[in-house]
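Visitor: Got a structure for you, questions after.
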Amino acid sequence: MKSPLAPLWQRGGWGDAASPSRSPFLQWYFLGAGLAQWSAWQASTAVGIALGTQIPPGWALDFTVALTFIALVVPALWILQAVLPR
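Residue numbers (this note's numbering): 1247 to 1332.
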């Protein structure tokens, strides 16, 4: 039995996904997943930069906080509406 103080990947807590003996293509899987996440991050950053220039300079920082709150709450309300019984 492995020590509970051993790292998770040595204890098999990740389902041995980090074990190179599982698949010879595992590094390509992680490379593809990493590139997909990096691309999404870069694209969303570019969209944020483009849309951020559309906010008039006269609006205070308080307004951007309100926009962020709205962006977080609206999707949560849609999920809540789908979950609640009618």
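Backbone N, C-alpha and C fix where the C-beta goes; we use that ideal spot for every residue, glycine too.
As the structure is a prediction and not an experimental result, all values here were calculated from the model.
What number of angstroms, rounded off, separates the C-alpha of W1284 from the C-alpha of Y1275?
Guide: Start at 1 with the first residue of the sequence shown, and residue 1284 comes out as number 38. Start at 1 with the first residue of the sequence shown, and residue 1275 comes out as number 29. Roughly 14 Å between the two C-alpha positions.
Visitor: Roughly how many whole angstroms lie between the Cα atoms of V1319 and P1270?
Guide: For the purposes of this step, residue 1319 is taken as residue 73 along the sequence shown, with counting starting at 1. For the purposes of this step, residue 1270 is taken as residue 24 along the sequence shown, with counting starting at 1. Cα to Cα, V1319 sits roughly 43 Å from P1270.
Visitor: According to DSSP, simplified to helix, strand and coil, what is Q1300?
Guide: As a working mapping, residue 1300 is identified with position 54 in the sequence shown. Residue state, collapsed to three classes: coil.
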